[in-house]
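For the sequence shown, the working numbering begins at 7 and goes up steadily by one. Below is one structure, written out as structure tokens; the observations come after it.
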Amino acid sequence: MQIGFLGLGNMGAPMALNLLKAGHQLTVFDLVPAAVERLVDAGARAAASPAELAAGEVELIITMLPAAPHVKQVYLGKEGLLAHVRPGVLLVDSSTIDPISAREVAAKAEAQGNPMLDAPVSGGTGGAAAGTLTFMVGGSATAFERARPILAAMGRNIVHCGAAGTGQAAKVANNLLLGISMIGTAEAMSLGVALGVDPKVLAGIINTSSGRCWSSDTYNPFPGVMDNVPAARGYSGGFGSDLMLKDLGLASEAARQVRQPLLLGALAQQLYQAFSLQGNGQLDFSAIIKLYRKEDCA
Ligand code: NAD
């Protein structure tokens, strides 16, 4: 299939490479020339602008951009996709943005005859490279069925969540819980260890008891408990605290718009904000345990 791909960053580049590997023809665009060159070297065609990409022969366009302002500019700007795309071309935005903005862009696209899906992902850069991402997809069932085989070249779990915006809603709800559960795990581990329990023994108890969660059994923040997690390498790599802060901000903004209280989420957001202000934004989000402990976590 002829596919357009915009946004060739940490996630977009490996996703686009997987589409090439699956035999699709790609036309790509990014503001950073080096990012475009890497894809051209792998067999993609370069477009000079979103407008040129949209006006070409593409049947489907995927975007993987940093945040909602970039998505709005790329789709709704004067030289953006909607102003130039042919009717019927399917649009898929995989950026993580708030559900309300996703619905706004999708409504404008649908109104001019372009079906649109929000399809944010989880799985990180490792999942993007391995083609094992989870896609949470919002939009019509017909559009979902059209996109599914393409998304399957980049991911393992492709889930239709419902109408436009529900992919982003699912993503935001999941990451809200992740932020809260990581802080809860850090707090509980730190208390147990301060009271004299060995961290590995404590993690073993929690992970076979009712406190168990992904943050405790797969991504434990306490150093020395698990290998191959950011806590085992000084909290480098992984999912940055500033990215978690961004997602908690999305949850908070989405909650405000539907008047849904976020009590623990608001506290989690403030804790990550303070943590970021202290210069820790690039550390993995499990480093939030530093708020509770000095020793072992430096
Ligand atoms: P990134 O900053 O590495 O890449 C974004 C790319 O978009 C950059 O190459 C940038 O030049 C390009 N870009 C920005 N504005 C543009 C424009 N107007 N036109 C064309 N290109 C433009 O970000 P990323 O890590 O690839 O993340 C992309 C999205 O995926 C974000 O919404 C992020 O929250 C989400 N996400 C990231 C991860 C992760 O682990 N990195 C995991 C899941 C979801």
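No residue lacks a Cβ here, since even glycine has one placed at the ideal position from N, Cα and C.
Is residue i near residue j, with beta carbons less than 9 Å apart?
i	j	result
M232	A260	no
A134	M122	no
A53	G10	yes
S107	K78	yes
Q263	D104	yes
I186	G271	yes
G15	P72	yes
S101	T69	yes
A115	G144	no
L97	L87	yes
I211	V203	yes
L37	L45	no
A159	A125	no
R299	S196	yes
V207	T224	no
I295	A176	no
Residue i: which of the options sits nearest, CA to CA?
i	options	result
I67	V95, A200, A170	V95
R239	S247, F228, Y81, D248	F228
K258	Q31, L273, D248	The question names Lys, yet the displayed sequence has Ser at residue 258. Considering only alpha carbons, the answer is L273.
L254	V235, S282, P155, Y241	S282
Y241	K27, P20, Q288	Q288
I256	A48, G18, P75	The sequence as given places Leu at residue 256; Ile does not occur at that position. For L256, the nearest C-alpha among the options comes from P75.
S128	Q275, Q266, V42, L249	L249
S247	A41, P205, D290	D290
G190	M17, L23, A28, A293	A293
F35	N181, V80, S216	V80
Q1	L268, R265, K252, R299	Not covered by the structure: residue 1. The range shown for the chain is 7 to 304.
N120	P93, R265, G132	P93
K27	A48, A40, N226	A48
A19	Q8, W220, E43	E43
L268	C219, L182, E65	L182
M21	V64, G62, G132, Q275	G132
V64	G161, S215, H30	H30
N180	C219, S215, P39	C219
P39	N24, S55, L25	S55
Q275	N163, F150, M188, G62	M188
N24	A149, A60, R162	R162
N226	G217, A237, S216	A237
Mind checking which residues open and close the alpha helix (DSSP H) that includes residue i?
i	result
L269	269-281
I295	Premise fails: I295 is in no alpha helix (DSSP H) and is neither H nor E.
G185	172-200
D223	220-223
D47	39-47
M250	247-263
L14	No alpha helix (DSSP H) holds L14; DSSP gives it neither H nor E.
V77	74-82
M21	18-27
L59	56-61
V207	205-213
R239	From DSSP, R239 is part of no alpha helix (DSSP H); its letter is neither H nor E.
P155	147-157
What whole-angstrom Cβ distance do residue i and residue j have, given they're in contact under 8 Å?
i	j	result
A147	H166	7 Å
A117	H90	So it is not a contact: roughly 16 Å between Cβ atoms.
G173	M142	4 Å
G244	P205	That belief does not hold up - the Cβ atoms of G244 and P205 are roughly 19 Å apart, past 8 Å.
I156	M17	Not a contact, Cβ separation roughly 16 Å.
S221	N213	S221 to N213, Cβ: 11 Å. No contact.
Kindly indicate the opening and closing residues of the beta strand (DSSP E) around residue i.
i	result
A162	The identity of residue 162 in the sequence shown is Arg, whereas the question assumes Ala. Counting along the chain, the beta strand (DSSP E) containing R162 begins and ends at 161-168.
V95	Premise fails: V95 is in no beta strand (DSSP E) and is neither H nor E.
F35	31-35
V143	139-144
I103	Counting along the chain, I103 falls outside any beta strand (DSSP E), and DSSP gives it neither H nor E.
T69	66-69
L87	Segment: none, L87 is in no beta strand (DSSP E) and carries neither H nor E.
L123	122-124
Cβ of residue i within 8 Å of any heavy atom in the ligand COA?
i	result
S242	Among the ligands in the structure shown, the ligand COA does not appear; only the ligand NAD can be found there.
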